[in-house]
Amino acid sequence: MVSCIWCGENLHHNQMTVKGNRYRYYRCPNHREHSGEGVSMVPAAEAEELLESEFLEQAGDLPITERVWVPGDTRDQELREAVAALDELTRLAGAVQSATARERLTGQIGAIDRRILELESQPVREAHWEYREVGGTYRDAWETGNTEQRRSLLLRSGITLRIGVKGRRGGHSGGAWTWELHLPEPIADALARTRRS
Ligand SMILES: [Zn+2]
573 MVSCIWCGEN
583 LHHNQMTVKG
593 NRYRYYRCPN
603 HREHSGEGVS
613 MVPAAEAEEL
623 LESEFLEQAG
633 DLPITERVWV
643 PGDTRDQELR
653 EAVAALDELT
663 RLAGAVQSAT
673 ARERLTGQIG
683 AIDRRILELE
693 SQPVREAHWE
703 YREVGGTYRD
713 AWETGNTEQR
723 RSLLLRSGIT
733 LRIGVKGRRG
743 GHSGGAWTWE
753 LHLPEPIADA
763 LARTRRS
């Protein structure tokens, strides 16, 4: 929920003790690769405050939207089974002697044939992610949730604060913060619609 503005990687949450005081901070695992642009090591409490205020200001009134996995359909599997059954029946049809047996098999082959035709004409639905509104607004859920529930709310919605500190190497204070609240497309679209109306 807090990621690097330079490379997009999730920042790691760390702690250190300096002169008996404990500091929490976030740091990018790839920080060496973009040390020319700035550091991505920020005090955790301030980053979390910034995330909260930005998030509530921008997304607070929006309906909670979560990513859900929609499995693909079973068409391909059914089609493979039908074709296997057809192969078996045509093999048998070549081996039977009586007209009665041939007639029965022809009937079964006809039924399988219609099933295959039906399956082949169905559109394929592939497995995919979808965003769905699950009720309530972000502000409601945020204000009634504990730390864990808030974290989970952001995770499920794919909302992150991208952050970095410009042009300062090392240290955990000073330098100009640069940041943006990243909203997944469907949420950003909903936000754009509210702003227009
Ligand atoms: Zn980074």
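Quick note: the sequence shown, position 121, residue 693 per the numbering used here, numbers continuous. Ideal Cβ placement from N, Cα and C applies to all residues, glycine included. What you are looking at is a predicted structure, and each value in this text was computed from that prediction instead of being measured.
query	result
At what residue ranges does the segment 662 to 698 contain a whole run of the beta strand (DSSP E), taking only runs of 3 or more?	none
Does the segment 638 to 646 come close enough to the segment 691 to 706 that 3 or more CB-CB pairs lie under 8 Å?	yes
Is the Cβ-Cβ distance between P601 and E581 less than 7 Å?	yes
Have a look at A699, L634, L691 and flag the residue whose alpha-carbon is nearest the alpha-carbon of D761.	L634
Should L661 be labelled buried (16 or more other beta-carbon atoms within 10 Å of its own) or exposed?	buried
Going by Cα to Cα distance, which pick from T589, W578, G632, L658 is closest to G608?	W578
Any chance the CB of E581 is under 6 Å from a heavy atom of ligand 1?	yes
Which same chain residues end up closer than 7 Å to H744 when comparing Cβ atoms and leaving out the 5 residues on each side of it in sequence?	Caution applies to H744, whose pLDDT of 49 falls short of 50 and renders its modelled position unreliable; the model cannot decide the point.
In terms of residue numbering, what span does the alpha helix (DSSP H) encompassing T589 cover?	Careful: T589 lies outside any alpha helix (DSSP H), inside the beta strand (DSSP E) at 584 to 590.
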